[in-house]
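Some notes on the structure that comes next.
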Amino acid sequence: MKDNYKKNKLQIITFLILGALPLFMDSYYLDNISYFMCWTFISLGLAVIWGMGGILSFGQTAFFGLAGYGFSVISINFLGVAGVSLWSVILALLLTGVFGLIVGYFLFYGGIYDVFIGIVTLAITLVLETFMQQTAGPEYVIGTARLNGFNGMQGMPIIGFEKIPFGLVEGVTQYYFILILSILVLISLYRFKSSKMGLIFLASKEDRERVSSLGHNVQKIQLIGFTIASVLAGISGILYTNWGSYITPDSMGLVSAALPVVYVAASGKKDFFSVFIGCIFFVWLSQTLAINGKQFAIIVMGLILVISTRFFPDGIILMLKNKLIEKVKWLQS
Amino acid sequence: MKKIVIFLISSFLILFSSAKAADTIKVGILEDETGNFAIAVVPKIHAYELAVKEINANGGVLGKQLEIVRYDTQSDNRRFQEFAKRLIKKDKVDVVFGAFSSASRESIRGIMEKNKMLYFYNNQYEGGVCSKTTFMTGAVPEQQFSTLVPWMMEKYGKNVYTIAADYNFGQISAEWVRQIVKEAGGTMVGEEFIPLDVSQYSQTIQKIQKAKPDVLMTLLVGAKQASFYEQQASAGLGIPMATSINVGQAYEHRRFAPPALENMYVTVNYIQEVHEVIKSGEFHDKSKDYVKRFRALYPNEPYINMESANAYNAINMYAKAVEKAGTTDTMKVVAALESGISHDGPSGVVTMDPKSHHGSHTIFLVRVGKGHEVTIPKIWKDIKPYWLGDNGCDLANKADYSQYTPSNPPKN
Amino acid sequence: MVFLFNIFYQFGDSLAFLLLAAIGLAVIFGMMKIINLAHGEFITVGAYGTVVSGKVFNLPLPFAMVFGVIVTIIFGLILEKFVIRYLYGRPLDSVVATWGISLIVSQSFLVIFGPSYEGLQTPMGNFQLGEFSYSEYRIFLIFFALFILFLLYYLFMKTSFGTLARATIENPTISSSMGVDVKNVYTTTFAIGAGLAGLTGALYAPTMTIVPSIGQAFIVSAFITVVTAGASPFVGLVPAAAFLGMVQTSVTFYYKSTIGLIAILCAVILIIRYLPSGFSGLILKTRSK
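Chains as they are written, first to last, in the numbering used here: chain A, 1 to 333; chain B, 1001 to 1412; chain C, 2001 to 2289.
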């Protein structure tokens, strides 16, 4: 336990600071940080399959959207039933996981590798987006929930307990819920990384054939990694839908599909903590630039991406984290 | 320790200062200054600013100046959501104006309603929003199509073909066209729905030619879909076209090389050419005056479009309602708006309908000629947004927060 | 007869679009393995180069198009020197860098030229055949696309430069040990790819609205066509475009455009799954039998 503390001083301090923020910040800023944190799960998912397994997938947003829509459809249909918001989350995540399994099976057991995974997952995402965009008509209804096409779905309940007056409405409850969830996910992911399965997954990135010839079922492990990533993307999707009470096919477009890839690559895909912090940072940055930079906001974002690949191919945030640990001796284990 | 104390004290001060009574009325604006929709939206932004400037010069509202707090939503729904929350929670504005696409409106309408924030949507759209705290100043299908379609059918013939963008706005507008064609005794000889990403139309053009319509309704949205016009002209399609979308918002007649839009008819609630085409009278004078004041502030504005008139009217109607209510409290201003507020704006008098919270409009029928010159063959005065009110939406007496469509009307 | 010509026109039009969308990317992604998410922006540069020179310098259309291509080549060379050359052999990193470039370029165009620019008229006229009328320019595009493909096939498969380029890209170490200036070969090949994308923009500029995002209309079609073409892009490009064009045209004919789009995307997924080396793999295999 003490070992863990020693190795992870930076992470622990970061979370202590994050945990203390509600004491200083008012609800708008807290909400905003909760919003930034929503995006970390989809990025962490990508860090699992891309950072660990070397599999670049543009499909994370498909699972994001699927979970968001799934949650909306299920919860709208059973509005008023006790605990609906909670078990519809679980059902939606299960649904997303199943879909992740199916797609993963098609990919890995179908012999699709490298850049083709990117193309196939992008194609799947675009198919979903194209289809969902035109579901405006009254015939596109699941139970009582109209998909409503391009204009998006509304009216899903806030995640929370009806009897107890705390939901993930806004403010402090939502913030701590997402923060604690992030900590749990990060710990689980680090466990996964150092587990036997995780090590095989890492090795498969270097040399798939050799690992397979050593008797490991590479495809099964890739499938597991892919499914984990899809469920994580789903978590982001549900949290985002809950934050804005709204989900649209836009969240599955070309731009949306590229964003997690961009965040993860620029942060440092090999390190989960860097991805977590980096994702929050980049979402914050793009929002701040949009507020202050207006026309130049997007140009600055583009420059950052180009510079980070050119000069910091392992990720800006990861590089900064390593530098920080190097300089501040106390942080080292 | 000292640092923590300073932190705490400064946070208290910040919290404290925001609780102080405001000496301005904060007007929140969420519009796409950049991105795909910018062409049609920038004139709206300038119109808001013009209206605010004029009102402030005249002493403001309730003795307070109007202060604009604006964010560029970059034609991105997520930005709309992020900045809507920011306007409400951080900037604590008194009212919000904005959104171009229906999707962006819907992405924030829920947030506005939940926070009891007064919200004005100032763009043409597919109609049907019946919301107690939302007011729509843009034109809706019953205003644009019930005028346009029968006129086109009378002039050119009863066979109508529709091509529409394959999403809510296009599908619902097409539904309206279908209904009106049927009521006028015409025939729909074809309908094609096209996804927003399509930019190549050879197949579509062939299908249209096969059906031999008298009138072609083009309900196309966005720059990619607008490529249809050039392609149909180069293929020599030659069928009179009618739309509610183009020319009035993104001034395609100025941007596309002629004769791409030859023989296109549009129903708009305003365009800057009104006083150039109508040489005298009420509409001439009002349009000329509006354009003069607009260009005094923005001499380089490429085009003063119909949505700018809506934006301008919206600010003025809000100001009048606040004066009438004596406060910026949302529900009291809503009540004031429901008591029958009008504004005499760039295209004449616009009145807010208490039942549906939509504005009445003067509708101009615009025709684009071979060289893309503009004429106005007909004007309809004071077309009311009757559909919602006739179908059970009565916001003055019954609160609601939904969007309805012809196939899903308010249940009485 | 009229019906047959109609079919030919619709199919050919779709084929031409897919081919022309793909040519630049076929070189940069198909050959050089750089996932160029800025492909759309190369097309945009070519389109704007054409339109601006046509409007501002009053160049006749063919010269304006040449101007557009040259501008794109210069743009490609600059990009290659400062960014792209660090990405060879790192296909997944090229995603991020080229996405960044695409953001910079598209937004810069928005800032410099505004949200829209006045367009050019489509050249040539139209003619009537039965109850249909056709744009002569679009028929020209069909033949021109095939002609360009033939030129490219010849250049990369039959000339010594082409063989050298392909060999160097496949194995730069051995090539350089044989005295080839590898950097030069890469740069030249990239410039050709950029120029081709610029050509696409130039050719389609008179038929579309001139907005900074004009290139976005091509990017998905480009990627799916190149991927379907397979390992040897110039062998497989025409069959790939023909196949995908056929799928899209026929599905759109029977249902609607949205389903046509979905069908073409599903077709690509199936091709990748069941025909991993694409159409070029299929052709080369049958040829070697």
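Glycine included, every Cβ here is placed at the ideal spot set by N, Cα and C.
Residue(s) in a DSSP beta bridge with residue i
i          : result
B/Asp-1344 : B/Val-1349
B/Ala-1242 : B/Met-1217 and B/Tyr-1265
B/His-1358 : B/Met-1136
B/Asp-1072 : B/Glu-1031
B/Met-1188 : B/Val-1160
C/Ala-2217 : Answer is none; C/Ala-2217 lacks a bridge partner.
B/Trp-1380 : B/Ile-1363
B/Val-1119 : Checking the sequence shown, residue 1119 of chain B turns out to be Tyr, not Val. B/Tyr-1119 is bridged to B/Val-1096 and B/Thr-1134.
C/Thr-2187 : Its beta-bridge partners do not exist; DSSP assigns none.
A/Ile-352  : Only positions 1 to 333 of chain A appear in the structure, and residue 352 of chain A is not among them; the question remains open.
B/Glu-1338 : For B/Glu-1338, which the question treats as bridged, DSSP gives no partner whatsoever.
Within chain B, the residues that residue i reaches when beta carbons sit closer than 8 Å
i          : result
A/Gly-19   : Going along chain B, no residue has its Cβ under 8 Å from A/Gly-19, so there is no contact; the nearest lies around 15 Å.
C/Ser-2133 : Gln-1209, Ala-1235, Gly-1236, Leu-1237 and Gly-1238
Interface residues of chain A facing residue i [CB-CB closer than 8 Å]
i          : result
C/Asp-2093 : Ala-265, Thr-309 and Pro-313
B/Ala-1103 : Phe-150, Asn-151, Gly-152, Thr-248 and Asp-250
B/Tyr-1048 : By Cβ distance, chain A contributes nothing, its closest Cβ being about 16 Å from B/Tyr-1048, past 8 Å.
Cβ pair residue i, residue j closer than 8 Å
i          : j          : result
C/Trp-2099 : A/Leu-305  : yes
B/Met-1317 : B/His-1357 : no
B/Thr-1147 : B/Leu-1365 : yes
A/Pro-260  : A/Ser-43   : yes
C/Thr-2189 : C/Ile-2214 : no
C/Val-2220 : A/Leu-126  : yes
C/Met-2208 : B/Ser-1234 : no
C/Ile-2269 : A/Val-98   : no
A/Ser-230  : A/Gly-100  : yes
C/Gly-2089 : C/Val-2071 : no
C/Gly-2040 : C/Ala-2194 : no
B/Lys-1355 : B/Leu-1297 : no
A/Cys-38   : A/Trp-284  : no
B/Pro-1141 : B/Glu-1154 : no
C/Gly-2245 : C/Val-2251 : no
A/Ile-238  : A/Ala-82   : no
B/Ala-1319 : B/Ile-1055 : yes
A/Phe-131  : C/Ile-2142 : no
A/Gly-137  : A/Met-252  : no
Contacts that residue i makes with chain C (C-beta to C-beta distance below 8 Å)
i         : result
A/Met-301 : Gly-2100 and Leu-2103
Partner residues on chain A for residue i, Cβ-Cβ distance less than 7 Å
i          : result
B/Gly-1190 : In chain order: nothing, as chain A lies at least about 18 Å away.
C/Tyr-2086 : Arg-310
Chain C contact for residue i (CB, 8 Å cutoff)
i          : result
B/Thr-1034 : yes
A/Ala-123  : yes
B/Gly-1236 : yes
A/Phe-201  : no
B/Lys-1370 : no
A/Ala-233  : no
B/Asp-1166 : yes
B/Arg-1255 : yes
Proximity test, Cβ basis, 8 Å: residue i and chain A
i          : result
B/Phe-1228 : no
C/Pro-2212 : no
C/Ala-2194 : no
Amino acids of chain C, ordered along the chain, whose beta-carbon sits closer than 7 Å to that of residue i
i          : result
B/Ile-1111 : Result: empty, since nearest Cβ-Cβ is about 27 Å, beyond 7 Å.
B/Pro-1195 : Ser-2257, Thr-2258 and Leu-2261
A/Ile-112  : Ile-2272 and Arg-2273
Any chain B beta carbon closer than 8 Å to residue i
i          : result
C/Pro-2062 : no
C/Met-2001 : no
A/Ser-245  : yes
C/Leu-2110 : yes
At what residue ranges does the region 270 to 318 of chain A contain a whole run of the alpha helix (DSSP H), taking only runs of 4 or more? The region 270 to 318 of chain A contains these whole alpha helix (DSSP H) runs: 272 to 292 and 297 to 311.
Secondary structure, alpha helix (DSSP H): runs of 4+ residues fully inside the region 90 to 119 of chain A: None, since the region 90 to 119 of chain A contains no complete alpha helix (DSSP H) of that length.
Residue ranges of each alpha helix (DSSP H) run of no fewer than 4 residues wholly in the region 2056 to 2106 of chain C, ordered along the chain? Fully enclosed alpha helix (DSSP H) runs of 4 or longer: 2061 to 2082.
Could you please tell me which residues of the region 126 to 146 of chain A, in chain order, have their CB closer than 7 Å to any CB of chain E? Among the protein chains of the structure shown, namely A, B and C, there is no chain E.
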